[in-house]
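> Which chain is which? The protein sequence lines are Y and L, in order. When we follow our numbering, the leftmost residue of the first sequence carries the number 1, and every step to the right adds one. When we follow our numbering, the leftmost residue of the second sequence carries the number 256, and every step to the right adds one. For each residue, glycine too, the CB sits at the ideal point set by N, CA and C.
Protein chains: 2
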Amino acid sequence: MQEFIDHLDAMAEVSGDVIRPYFRAAPDTEYKADASPVTVADKAAEQAIRGYLETHRPDDGIIGEEFGHHKGRSGLTWVIDPIDGTKPFIAGRATFGTLIGLWEGDRPVAGLIHQPILNEKWIGGPDIGTRFNGTPVACRPCAALKNARAGSTSPDQFREMPGIRKTLEDETAFVIWGGDCYSYGLLALGGLDLVCEACLKVHDYAALVPVVLGAGGTMSDFDGNPLTLESDGRVIASGDPRIHDEFVNRVSAFR
Amino acid sequence: MQEFIDHLDAMAEVSGDVIRPYFRAAPDTEYKADASPVTVADKAAEQAIRGYLETHRPDDGIIGEEFGHHKGRSGLTWVIDPIDGTKPFIAGRATFGTLIGLWEGDRPVAGLIHQPILNEKWIGGPDIGTRFNGTPVACRPCAALKNARAGSTSPDQFREMPGIRKTLEDETAFVIWGGDCYSYGLLALGGLDLVCEACLKVHDYAALVPVVLGAGGTMSDFDGNPLTLESDGRVIASGDPRIHDEFVNRVSAFR
Numbered sequence: 001m002q003e004f005i006d007h008l009d010a011m012a013e014v015s016g017d018v019i020r021p022y023f024r025a026a027p028d029t030e031y032k033a034d035a036s037p038v039t040v041a042d043k044a045a046e047q048a049i050r051g052y053l054e055t056h057r058p059d060d061g062i063i064g065e066e067f068g069h070h071k072g073r074s075g076l077t078w079v080i081d082p083i084d085g086t087k088p089f090i091a092g093r094a095t096f097g098t099l100i101g102l103w104e105g106d107r108p109v110a111g112l113i114h115q116p117i118l119n120e121k122w123i124g125g126p127d128i129g130t131r132f133n134g135t136p137v138a139c140r141p142c143a144a145l146k147n148a149r150a151g152s153t154s155p156d157q158f159r160e161m162p163g164i165r166k167t168l169e170d171e172t173a174f175v176i177w178g179g180d181c182y183s184y185g186l187l188a189l190g191g192l193d194l195v196c197e198a199c200l201k202v203h204d205y206a207a208l209v210p211v212v213l214g215a216g217g218t219m220s221d222f223d224g225n226p227l228t229l230e231s232d233g234r235v236i237a238s239g240d241p242r243i244h245d246e247f248v249n250r251v252s253a254f255r
Numbered sequence: 256m257q258e259f260i261d262h263l264d265a266m267a268e269v270s271g272d273v274i275r276p277y278f279r280a281a282p283d284t285e286y287k288a289d290a291s292p293v294t295v296a297d298k299a300a301e302q303a304i305r306g307y308l309e310t311h312r313p314d315d316g317i318i319g320e321e322f323g324h325h326k327g328r329s330g331l332t333w334v335i336d337p338i339d340g341t342k343p344f345i346a347g348r349a350t351f352g353t354l355i356g357l358w359e360g361d362r363p364v365a366g367l368i369h370q371p372i373l374n375e376k377w378i379g380g381p382d383i384g385t386r387f388n389g390t391p392v393a394c395r396p397c398a399a400l401k402n403a404r405a406g407s408t409s410p411d412q413f414r415e416m417p418g419i420r421k422t423l424e425d426e427t428a429f430v431i432w433g434g435d436c437y438s439y440g441l442l443a444l445g446g447l448d449l450v451c452e453a454c455l456k457v458h459d460y461a462a463l464v465p466v467v468l469g470a471g472g473t474m475s476d477f478d479g480n481p482l483t484l485e486s487d488g489r490v491i492a493s494g495d496p497r498i499h500d501e502f503v504n505r506v507s508a509f510r
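#1: Please give the ranges of any beta strand (DSSP E) in the stretch 386-422 of chain L, keeping only runs that are unbroken, at least 3 residues long and fully inside the region.
#2: Do you know whose CA, among T422(L), W333(L), Q370(L), lies nearest G347(L)'s CA?
#3: Measure the C-alpha to C-alpha separation of P82(Y) and E65(Y) and round it to an integer number of angstroms.
#4: Report buried or exposed for A512(L), applying the criterion of at least 16 other Cβ atoms within 10 angstroms of its Cβ.
#5: Please name the residues in the stretch 155-169 of chain Y whose beta-carbon is closer than 7 Å to at least one beta-carbon of chain L, in chain order.
#6: Please tell me whether R131(Y) has its Cβ less than 8 Å away from any Cβ of chain L.
#7: Is the CB of K376(L) under 8 Å away from at least one CB in chain Y?
#8: Mind checking K146(Y): buried by the 16 CB within 10 Å criterion, or exposed?
#9: In three-state terms, what does DSSP make of P276(L)?
#10: Run through the DSSP bridge pairs and tell me what A365(L) is partnered with.
#11: Which class does M256(L) belong to by DSSP, given the choice of helix, strand or coil?
#12: Is A41(Y) helix, strand or coil when you go by DSSP?
#13: For G379(L), which of G316(L), W333(L), P465(L), A296(L) has the nearest alpha-carbon?
#14: Can you tell me where the alpha helix (DSSP H) holding A346(L) begins and where it ends?
#15: Grab the span of the beta strand (DSSP E) containing E452(L) for me, first residue to last.
#16: Using the C-alpha atoms, what's the distance from L118(Y) back to V212(Y)?
#17: Would you mind telling me which residues of chain Y sit closer than 9 Å to R328(L), beta carbon to beta carbon, in chain order?
#18: For L186(Y), which of helix, strand or coil comes out of DSSP?
#19: I491(L) and C451(L) - do their beta-carbons sit closer together than 8 Å?
#20: With a threshold of 8 Å between beta-carbons, can K456(L) be considered close to chain Y, or not?
#21: Could you check which residue in V273(L), G479(L), A265(L) has the C-alpha nearest to that of H499(L)?
#22: Between which two residues does the beta strand (DSSP E) harbouring S220(Y) extend?
#23: DSSP on L455(L), reduced to helix/strand/coil?
#24: Taking 7 Å as the limit between beta carbons, can you name the residues of its chain near D60(Y), skipping five residues before and five after?
#25: Got a sec: is the Cβ-Cβ distance from L145(Y) to anything in chain L below 8 Å?
#26: Per DSSP, what kind of secondary structure is G323(L) in: helix, strand or coil?
#27: Name, please, each residue of chain L whose Cβ falls closer than 8 Å to the Cβ of L99(Y).
#28: In this structure, what does DSSP give as the bridge partners for T77(Y)?
#29: Does the beta carbon of Y277(L) come closer than 8 Å to any beta carbon on chain Y?
#30: Three-state secondary structure (DSSP) at E485(L)?
#31: Taking P182(Y) as the query, report the chain L residues whose CB atoms sit under 9 Å from its CB, ordered along the chain.
#32: Would DSSP call F509(L) helix, strand or coil?
#33: Could you check which residue in D6(Y), G239(Y), G191(Y) has the C-alpha nearest to that of A280(L)?
#34: Rank H324(L), R489(L), K376(L), V506(L) by C-alpha distance to the C-alpha of R261(L) and give the top, closest one.
#35: Could one say the Cβ of F259(L) lies closer than 8 Å to chain Y's Cβ atoms, at least one of them?
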């Protein structure tokens, strides 16, 4: 297992070195079919990570946001989002992150959330705990939804489910918006208690699951089922299982 | 004028030293009548800033978020928000800031936005330009709303004006949420083009106006009028006047 942690550590360094020069440097941007801005840094960072894996883990599979799926033969798959939070990246706000998740089939093994501008690195997994810059961290206890500090990237993802947005806004202690992957890092530090998103891709959540589980949190789809690499991208992450059950129940009324 | 810049610089140091130890340290929180969380750090930082002003600028007025209005006799007023963005502060996200604005009657003179965890400091004013950590910065040109990168703290503030939220989401390049004062700093760096908020207090916007104006931007209320210390807290800030006029026109349809 230490080998995987060392690989995640090394890939954080490799991708961080690629990304840093582009931050606030007015990089060329292009637009994908879904209109999300993608920077040159995004592609270069994924190439750097894939290059690392091809050298050090040639038998493993790779799923990357930019360069697709490479099927492996070891049963292990690395899932890469080189820059999660491209909008804050382009705006110059260091709340984006590099995400790398390692899964064995549908079982999360280990994950990395890396904020390369602030040099903040979460590495964790269900069997190894979660460390923030090397120090073990944990979610905080929070018994009731009304005391929960919530986070979510954008209200727009709840356009078809306004009840969820209203629950986040009206039935928690507060909600901070605009977090992307960073919110899950804050959950693992005990800063937030609940994160809810409705339209993640597999490369968005594959790294988050092991980090959250390793910090003692819970992560599921809107039905309360554990996430797999085939989940529908509607996710709820909680620091305390009591809130998780309460929020899943609440959400079930709005779908 | 250099004297005022030096005072803002010094107060950033003084308040930053007070705030830093409380960040991610699970400080005691209490709740004000309006239910916004206020930390111990918030009060201690405002006391430190007021103490500095009482020593160095005893004849000036002070408006502070936590400790009210002290009427001066010089015609100059310092407007203080020790921690703008208390929710991200409590969650552990360094997108909050210390705000100090200096006004002469209804004329903005100079302002400070300070992010003490990242050591990022914007100081600016209409007659002195705006500097970011000492380097002159400017808003970027952006000719049309559809190309604008927008920011806003929370969709909840547009509950009574859903058309504004929809305009931000559907008619700009993108909107990032959850910015608080930090979005105005990004505007002054050319990272964002437009920021809109509907419920600011005078201590929230008094420092932002001089920083935005000094970077070549425009800031007004929803009618397009310049902000004063008596404005209603509905503000639009733009990096390019062409967007400003376009957005003010759009907003006028929704009130």
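Here's the rundown:
#1: 390-392, 404-407
#2: For the purposes of this step, residue 347(L) is taken as the residue at position 92 of the second sequence. Answer by Cα proximity: Q370(L).
#3: Counted from its first residue, the first sequence places residue 82(Y) at position 82. Counted from its first residue, the first sequence places residue 65(Y) at position 65. Each residue's Cα considered, the two are about 7 Å apart.
#4: Summary: the structure shown does not reach residue 512(L), with chain L confined to residues 256 through 510, and so no result is reported for it.
#5: P155, D156, E169
#6: Translated into the one-based positions of the first sequence, residue 131(Y) becomes position 131. No - not a single Cβ of chain L is within 8 Å of the one on R131(Y).
#7: The sequence position of residue 376(L) within the second sequence is 121, counting from 1. No - not a single Cβ of chain Y is within 8 Å of the one on K376(L).
#8: Working through the first sequence from its first residue, we reach residue 146(Y) at position 146. Result: exposed.
#9: Here residue 276(L) refers to the residue found at position 21 of the second sequence. The answer is helix: DSSP assigns P276(L) an H, G or I state.
#10: Start at 1 with the first residue of the second sequence, and residue 365(L) comes out as number 110. L357(L).
#11: One-based indexing of the second sequence puts residue 256(L) at position 1. M256(L): coil per DSSP, three-state reduction.
#12: What you label residue 41(Y) is simply residue 41 of the first sequence in a count that begins at 1. When DSSP states are grouped into helix, strand and coil, A41(Y) belongs to the helix group.
#13: As a first step, residue 379(L) must be located in the second sequence, where it is residue number 124. Taking only the C-alpha atoms, the option nearest G379(L) is P465(L).
#14: Position 91 of the second sequence, counting from 1, holds the residue named residue 346(L). Residues 341-346.
#15: One-based indexing of the second sequence puts residue 452(L) at position 197. Note, E452(L): beta strand (DSSP E), 449-452.
#16: Here the question's residue 212(Y) lines up with position 212 in the first sequence. Here the question's residue 118(Y) lines up with position 118 in the first sequence. Their Cα atoms are separated by approximately 20 Å.
#17: Within the second sequence, the letter at position 73 stands for residue 328(L). Near R328(L) there are no residues of chain Y at all, since even the closest Cβ is about 40 Å away, more than 9 Å.
#18: As a working mapping, residue 186(Y) is identified with position 186 in the first sequence. In this structure, L186(Y) counts as helix in the three-state DSSP scheme.
#19: Sequence index remark: in the second sequence, residue 451(L) carries index 196 (1-based). Sequence index remark: in the second sequence, residue 491(L) carries index 236 (1-based). Taking 8 Å as the cut-off, the Cβ atoms of C451(L) and I491(L) count as close.
#20: To locate residue 456(L), count along the second sequence from 1; it is residue 201. Not one chain Y Cβ lies under 8 Å of K456(L).
#21: By one-based count along the second sequence, residue 499(L) stands at place 244. Selection V273(L), G479(L), A265(L) evaluated against H499(L) yields G479(L) as nearest (Cα-Cα).
#22: The sequence position of residue 220(Y) within the first sequence is 220, counting from 1. Run containing S220(Y): 218-220, per the beta strand (DSSP E) assignment.
#23: Here residue 455(L) refers to the residue found at position 200 when the second sequence is read from its first residue. In the structure shown, L455(L) sits in coil (DSSP, three-state: anything other than H, G, I, E or B).
#24: To locate residue 60(Y), count along the first sequence from 1; it is residue 60. Around D60(Y): L53, G72, S74, L76, T77, W78.
#25: In the first sequence, the residue the question calls residue 145(Y) occupies position 145. Chain L contact via Cβ: absent.
#26: For the purposes of this step, residue 323(L) is taken as residue 68 along the second sequence, with counting starting at 1. DSSP places G323(L) in strand when its eight states are reduced to three.
#27: Your numbering for residue 99(Y) matches position 99 in the first sequence. Residues of chain L passing the Cβ test: none, with the nearest at roughly 17 Å.
#28: On the first sequence, position 77 is the one that residue 77(Y) refers to. Partner(s): G61(Y), W103(Y).
#29: In the second sequence, residue 277(L) corresponds to position 22, counting from 1. Any Cβ of chain Y closer than 8 Å to the Cβ of Y277(L) would place that residue at the interface, and such an atom is absent.
#30: Against the second sequence, residue 485(L) aligns to sequence position 230. Reduced to three states, the DSSP call for E485(L) is coil.
#31: The residue labelled residue 182(Y) in the question sits at position 182 within the first sequence. This sequence places Tyr at residue 182(Y); Pro is not what is there. Residues of chain L whose Cβ lies closer than 9 Å to the Cβ of Y182(Y) are, in chain order, R348.
#32: The count along the second sequence starts at 1 and reaches residue 509(L) at position 254. F509(L) carries a coil assignment under DSSP once its states are collapsed to helix, strand and coil.
#33: For the purposes of this step, residue 280(L) is taken as the residue at position 25 of the second sequence. If we check each option's Cα against that of A280(L), G191(Y) comes out closest.
#34: Taking the first residue of the second sequence as position 1, residue 261(L) is located at position 6. Rather than Arg, the amino acid found at residue 261(L) in this sequence is Asp. Per the Cα distances, K376(L).
#35: Taking the second sequence and counting its residues from 1, one reaches residue 259(L) at position 4. Cβ-Cβ to chain Y under 8 Å: no for F259(L).
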